[in-house]
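Worksheet for the structure shown next.
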Amino acid sequence: MPSRFTSRFTSRFTSSFTAVTAIATRPHASARRAVVLTLFAALAASSLGLGFAKPAHAAGADDIKARGYLTVATEDDFKPFEFVDDGKPTGYDNEMLALVKKKLPVEVRQQIMPWPGILPGVTTGKYDMAVTAVLVTPERKNTFDFTTPLVESTTYYATKKGSSIKSGDDLVGKVVGVQTGSAMLADLKAYDEALKKKHGGQGIKQIVEYQSYPEAYQDLGVGRLDAVANTQINLNSLIKTRPDNFALGQALGQPVYIAWAVKKGNTAALQMINAVLFDLRKSGEMYAMQKKWFGASFESMPQSIN
Amino acid sequence: MTAFDYWSITRGALSTISLSLASIVLGVPLGLALALIRWARVPVLDRAVYSYVSIVRSCPTVTLTLLIFFALPQFGLSLDPVPAAIVALTISTSAFNCEVWRSALIEFPRDQYDAALSFAMPRLTRMRRIVLPQVWRASLPGLVNEMTLQIKSTPAVAVIGIVEITRAALRVGSNTYEPLPPFVFALVLYGVIVYVLLRVQRSIESRMRQGEAA
Amino acid sequence: MIHDFATIWAQRADVLSGLLNTVILLVSSALASLVLGALLTPMLMSKRKPIARAATAYVDAMRCAPFLLFVYLIYFGLPTLGISLSNWWAGAIALILYNTAYMAELLRGAWHELPVTLIESGKAYGFSGFTLLRRIILPPIFLRAMPMIGNQIIQIVKDSAFLTVIAVNELTHEMTGIQSTYFIPFAAFVTAVLLYWCVCLAIEAGTGALNKLAEERRA
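Residue numbers (this note's numbering), protein chains in the order written: chain A, 5 to 310; chain B, 852 to 1065; chain C, 33 to 251.
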């Protein structure tokens, strides 16, 4: 509400103000003025942002211990790595996190959210670590540092049972679904390029990007998609729950490691978590967890993949 | 659908209602403040409010929510999902409420205000005793209409992971591969909430009409 | 920060295609819902009770349901009844069906304000049925309801952003893809907000011009 000062200010200036604007006013002049002022303000704000954007939370180990907690982000529906069952987060990553929490000197605050927000959240400093299935790719290594790997995987595709797609070459002219902003999308695009070279310019008809996989699987079941690209671990889990609907296809990419990610340079959080993960490897709990969720254990993974 | 599925969707309804309530409680007074700034033609702020309302009214709730949740941390302001959703919904509803309040303020007969001025009434009493009671009555239908629209735009906050009615129904549907029953149940819940709001609006309107008649 | 905007500029082909999709969805659903709404309004005001009641039930249902839920119903629910639409068509049809109800309601409000003498004199001149509707009734109520129609068209722009959840390649969807691949959330979403603002300013300018036309005709 305008103060007493503003009222005197207003009454003294309003008359001259209205006189000026009455002469100069044309229809939409105020709108035009507002647009120009706002664009100017936006430009000024973004150039201020150059000096203003601070890389948040590049904290040392003592800072984390002083703060008392680590913030992590986990995806909400990516079976069998992380999903919510009966209101509780569960899955390989969530149960590994539970084991890690027991040995960690600080508290862990977890936020469960859709995938497109997790990695950008780590780069902007919102979260210390992405405790979710992050595939380790060379492009991501420029922006992130990774923990010791938790599992290995390859991108495959899945189709409806009885589909006419028998091999990767049959994907020409088909519609394939994949998660937005994922390494599987990158693998699929690279495979599409290879198909185009092999088949004289003909490749996948359309790549549809989804926020999360449950919607993609539903569309595959209904027939809107001919195939869905995901890691073979995820697809195996899908086929286990619905063996009559879906079938696994072939590999679309090379084997990659899956690990948890921190912003590049955040060595404090990385070392804290790595220490515990190494312990879990030595004690065999990690391999037991892998057998539980994936049906196989990956014992010959390297210690560090940065 | 199991009983637990019904329960999870109903829990989403609690989320929806509490988010809407918070944003309404914050957004209505904020809208009034913005409308008063424009009504009093405060020199620089007037233009700022004009731009703000114009931008926010044309911004989809989904994009605004994504901006507040993902983009603000780049400037060091990191919010949890629920506060971020409340901020986004409040910003959105305050812009629309500003227009509702402003149209009521514009129609307010200026001669009453001048009469109060000639009686040397202090500003606060002027607003409290003369302007606001009548303006409040005039803008109530618009405000309640805006509240209904607010409730219908709460599904936008599902994109940052908040499990409200629509997202809860979606999750149940994708787990059971039978999407229709949870969506129908969600529709029923929304219908109940909107119906209750409409009844409240009608009872307030009839009470005000009685007050005016008397 | 400037580097982030440079990344977006490098991806401008995707951004523009998203913007184009938004505009195409906007124009097609605005036109279709206006036409269908104009046809629905006489049904709302029909003296035959069953028709009026059915039309009112449809309008009330659309006003109660959130748009996102309606989109999910059409996209995920219809296939269980055998009708499977692509995500583009599901989005377009959801927009059209949803906004037809709102347009019909707006036009109905304007219809009520029409002076009865207008319709009576039209009937006296021999206009009846569809010709009466098209030549006598619709022009004045369209012009009278123009500000509200403008608001509703802006609402269509905002509702189109919801279609990102069913993977329609409109502006918000493209921006989410860009920001999650290049990790530039602020630049991406601020660009999206400014682009939406430009689209809405264009709509407001258009309806302002039509409003002036209406004023001139009324005077």
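Using N, Cα and C, we set each Cβ at its ideal position, and we do this for glycine too.
Nothing here was measured: the structure is a model prediction, and the numbers come from that model.
{"query": "Under 9 Å, Cβ to Cβ, is there at least one residue of chain B near Leu-58/C?", "result": "no"}
{"query": "Can you confirm whether Met-117/A, when its beta carbon is compared against all beta carbons of chain B, has any partner nearer than 9 Å?", "result": "yes"}
{"query": "Should Lys-244/C go down as buried or exposed, given a rule of 16 or more other Cβ atoms within 10 Å for buried?", "result": "exposed"}
{"query": "State the beta-bridge partners of Asn-234/A as determined by DSSP.", "result": "Tyr-160/A"}
{"query": "Could you work out which residues of chain C lie near Leu-123/A, taking near to mean beta carbons separated by less than 8 Å?", "result": "Ser-212 and Phe-215"}
{"query": "Relative to chain C, which residues along the stretch 1037 to 1052 of chain B have a C-beta separation below 7 Å, given in chain order?", "result": "Ala-1037, Leu-1038, Tyr-1041, Gly-1042 and Val-1045"}
{"query": "Within 10 Å of its beta-carbon, does Asp-173/A have 16 or more other beta-carbons around it, so buried, or fewer, so exposed?", "result": "exposed"}
{"query": "Starting from Gly-185/A, find everything on chain C with Cβ-Cβ shorter than 7 Å and list it in chain order.", "result": "Gly-209, Ser-212 and Thr-213"}
{"query": "Within a Cβ cutoff of 8 Å, which residues of the same chain sit near Ile-860/B, ignoring the five residues on either side of it in sequence?", "result": "Ile-1016, Ala-1019, Ala-1020, Val-1023, Pro-1033, Phe-1036, Ala-1037 and Leu-1040"}
{"query": "Counting along the chain, where does the beta strand (DSSP E) carrying Arg-113/A start and finish?", "result": "111 to 117"}
{"query": "Residues in its own chain within less than 7 Å of Gln-950/B by CB, not counting five upstream and five downstream?", "result": "Here residue 950/B is Glu; the residue named in the question, Gln, does not match the sequence. Closer than 7 Å at Cβ, skipping near neighbours: Val-904."}
{"query": "Compute the distance between the beta-carbons of Ile-122/A and Thr-159/A, then report whether it is under 9 Å.", "result": "no"}
{"query": "Reducing DSSP to helix, strand and coil, say where Phe-853/B ends up.", "result": "The residue asked about is misnamed: residue 853/B is Thr in this sequence, not Phe. In this structure, Thr-853/B counts as coil in the three-state DSSP scheme."}
{"query": "Flag this pair as yes or no: are the beta carbons of Pro-932/B and Gly-993/B separated by less than 9 Å?", "result": "no"}
{"query": "Can you tell me the Cα-Cα spacing of Tyr-104/C and Glu-303/A, whole angstroms?", "result": "43 Å"}
{"query": "Any idea if Trp-229/C is buried or exposed, counting beta-carbon neighbours within 10 angstroms, 16 or more meaning buried?", "result": "buried"}
{"query": "Mind checking Arg-1053/B: buried by the 16 CB within 10 Å criterion, or exposed?", "result": "exposed"}
{"query": "Let's test the definition: count the other Cβ atoms within 10 Å of the Cβ of Ala-292/A and tell me whether it reaches 16, buried, or not, exposed.", "result": "exposed"}
{"query": "Quick check on the DSSP output: the beta strand (DSSP E) that includes Phe-87/A runs from which residue to which?", "result": "86 to 89"}
{"query": "Suppose you measure from the CA of Val-876/B to the CA of Tyr-130/C; what does that come to, to the nearest Å?", "result": "28 Å"}
{"query": "Is Pro-911/B close to chain C, meaning its C-beta is less than 9 Å from at least one C-beta of that chain?", "result": "yes"}
{"query": "Alpha carbon to alpha carbon, how far is Ser-61/C from Ala-220/C?", "result": "26 Å"}
{"query": "For Glu-202/C, which residues from the same chain have a beta carbon less than 6 Å from its beta carbon, with the 5 sequence-adjacent residues on both sides left out?", "result": "Gly-50, Asn-53, Thr-54, Ser-192 and Leu-195"}
{"query": "Contact between the stretch 229 to 242 of chain A and the stretch 159 to 170 of chain A: three or more CB pairs below 8 Å?", "result": "yes"}
{"query": "Going straight from the alpha carbon of Asp-230/A to that of Arg-889/B, what length do you get?", "result": "56 Å"}
{"query": "Can you list, in chain order, the stretches of the beta strand (DSSP E) that have 3 or more residues and sit fully within the stretch 989 to 1024 of chain B?", "result": "none"}
{"query": "Helix, strand or coil for Pro-218/A per DSSP?", "result": "helix"}
{"query": "Could you confirm whether any beta carbon from chain C is found closer than 9 Å to the beta carbon of Thr-147/A?", "result": "yes"}
{"query": "For Pro-120/A, would you say it is in contact with chain C, using Cβ-to-Cβ distances shorter than 9 Å as the test?", "result": "yes"}
{"query": "Since I believe Gln-215/A is in contact with Pro-142/A (beta carbons under 8 Å), could you give me their beta-carbon distance rounded to a whole number of angstroms?", "result": "With a Cβ gap of about 25 Å, Pro-142/A and Gln-215/A do not count as contacting."}
{"query": "Excluding the 5 residues flanking Arg-140/C on each side, which residues of the same chain have their C-beta closer than 7 Å to its C-beta?", "result": "Thr-73, Leu-76 and Met-77"}
{"query": "Quick check: the stretch 244 to 251 of chain A against the stretch 261 to 270 of chain A, are there 3 or more CB pairs under 8 Å?", "result": "no"}
{"query": "Leaving aside the five residues before and after Pro-153/A along the sequence, list all residues of the same chain whose C-beta is less than 6 Å from its C-beta, in chain order.", "result": "Tyr-261, Ala-263, Met-305 and Ile-309"}
{"query": "Per the DSSP calculation, Gly-181/A is bridged to which residue(s)?", "result": "Val-212/A and Val-232/A"}
{"query": "In whole angstroms, what is the alpha-carbon distance linking Val-59/C and Ser-945/B?", "result": "28 Å"}
{"query": "Ignore the nearest five residues each way along the sequence and tell me which others in Leu-883/B's own chain have a CB closer than 6 Å to its CB.", "result": "Trp-952"}
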